[in-house]
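Encoded as structure tokens, the structure appears first; notes follow it.
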Amino acid sequence: MFLLFSIKLDNMKKTFVLISLLFVFVNITFSQEYYRFFADVSVKYKNDKSEGSLTMAKLYYDKNISKIVQEVYFPDKAILVITDSASYRIENYKAIKTANYDPKLNFLKNTMFHLLLENKLNTYGLEHSAFKKTQVEKDKGMIFTTWMPPDKLKDMIGKVVIGTKDQMLKAVLFFGKDDNLLSKQLFKKPKLIDGLMVPTEILQIFYNPDGTEKAYQMTTFKNIKINEAGKDNIYNYPLYFK
Amino acid sequence: MKKMLFVLIAVVAMNANLFASSYAEMASVDENYVENVFSDLNQLENYVVNHQGVTLNQLKLAGNTLVQNVQNSPVGALGVLAINGEPPLGIPSFLWGCVLGWVGILIVYLSTNGDKDEVQKSLIGCIVGSASAILFYFVFWGMLFASAASA
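The listed protein sequences correspond, in order, to chains A and B.
First residue of the first sequence: 10, per my numbering; consecutive thereafter.
First residue of the second sequence: 909, per my numbering; consecutive thereafter.
Structure, rendered in structure tokens:
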């Protein structure tokens, strides 16, 4: 009797493990995957000498193809393509390389677009870096998490402080090695688009060493589309070199 | 005398907090001031949206006052942090800072102090790619499945 009971328990254990694994597999396969981001982007910049600039472009990113494609239309028309190892300008359908960089930098995986599609914007991607989380504090309804740079960067750069509210990224504060605020990014006007909370405005302020403001940059995203179907020839813009 | 010293220290300590900016204060901004900073560029943006295909050169040649303080080339973060007018690593300026995350910010700031190759080398060791996390995930579940099958 006891033997029969122990065999039944062994079978039950196996069944339980297999059902758990099936549950995980189904979750991985069928959970919503975000892989494409499109927006009409405008970037406005103004410095302390009142010099300004405006750049407007249509921006396409597919995380599986690993390309950022920008159809710039102001100040002038241009098509720019950024991959994990190089950036290109397209002239007469030919790709002119403008820069090479090491793929180990994982550029594209650390962009706001990629982090957004992976639902990791609220940590700014720092949890997959060599930065160390050292402090978490609450201040006026926001949670501020301090990330210290790895030893090899401590002589060059200071801490990064991420501010979130209701699990949404609201602010990123960048400090120099002397604990002076170098720059801050404020993520504003979030919109829910296809299940993703997307900040539609990012204000960045740059500071002089004496703490005075050096420049402002405002990036706005309009007409955002997530997982846009079609337009494969744009998301995977062909790079012809001859 | 001791009491006075104590009161003085207490007053100084309380007021010291008034000078230290909290993170919440640093994370705030005067919205009206920002609106004023960008008012001319907002007008230019609306003009471009309503006049599809217009370029900066065309507006300058026409003497349009909307562009009198506008640079001929995209400035953005590049204007603040460029070396010799070149964008760091050749990436268009407006992608820096906002959209290239912490890697981009560091490259831009470090580029002002070191050459491109040194900056890249410094950063590579700081980046643990997400690929390694995914690999761990599948190895872990693979092992669990294997032990369940052999049980």
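Quick reminder that beta carbons are idealized off the backbone N, C-alpha and C, glycines included.
Since this is a predicted model, take the numbers as computed values, not measurements.
Under the 10 Å beta carbon count, B:S929 is surrounded by fewer than 16 other beta carbons and is classified as exposed. Distance between A:D160 and A:N189, taken at the CA atoms: about 18 Å. Counting only runs of 3 or more residues that sit fully inside the segment 121-184 of chain A, the beta strand (DSSP E) segments are 141-148, 151-157, 169-174 and 177-184, in chain order.
Remark: C-beta atoms of A:K193 and A:M151 do not approach each other more closely than 8 Å. Chain B has a Cβ within less than 8 Å of the Cβ of A:M151. Contact of A:G167 with chain B is not assigned, every C-beta pair being separated by 8 Å or more.
Residue state for A:I74 is assigned as coil, using DSSP reduced to three classes. Residues of chain B whose Cβ lies closer than 8 Å to the Cβ of A:K193 are, in chain order, M934 and A935. Put simply, the CB of B:L913 is far from chain A, with every gap to its CB atoms at 8 Å or more. Three or more Cβ pairs closer than 8 Å define a contact, and the segment 74-84 of chain A falls short of that threshold against the segment 53-60 of chain A. With fewer than 16 other CB atoms across the displayed protein chains lying within 10 angstroms of its CB, B:M909 is exposed.
In the structure shown, A:Y82 falls within a strand segment according to DSSP collapsed to helix, strand and coil.
A:S96 sits in a strand when the DSSP states are folded into three classes. In the displayed model, B:A970 falls within coil according to three-state DSSP, outside both helix and strand. Within the DSSP secondary-structure output, A:P208 pairs in a beta bridge with A:P199.
DSSP places B:M934 in the uninterrupted alpha helix (DSSP H) bounded by Y931 to M934. DSSP places A:N119 in no alpha helix (DSSP H); its state is neither H nor E.
A straight-line Cα-Cα distance of about 10 Å links A:L135 and A:I171. A straight line joining the alpha-carbon of A:L191 with that of A:S29 spans about 48 Å. Taking CB atoms only, A:L135 has a neighbour in chain B less than 8 Å away. Distance from the CA atom of A:T228 to the CA atom of A:V90, rounded to whole angstroms, is 19 Å. Taking 8 Å as the CB threshold, B:N972 stays off the interface with chain A. The beta carbon of B:L969 does not come within 8 Å of any beta carbon belonging to chain A, so the residue lies off that interface. In the three-state scheme derived from DSSP, where H, G and I count as helix and E and B as strand, A:F25 is classed as helix. Look at A:N189 here: in three-state DSSP terms it is coil, with no helix or strand label. For A:P218, the closest Cβ of chain B is not nearer than 8 Å. Taking the Cα of B:Q979 as reference, the smallest distance to any Cα among A:L63, A:P199 and A:R45 is reached at A:L63.
B:V962 sits in coil when the DSSP states are folded into three classes, being neither helix nor strand.
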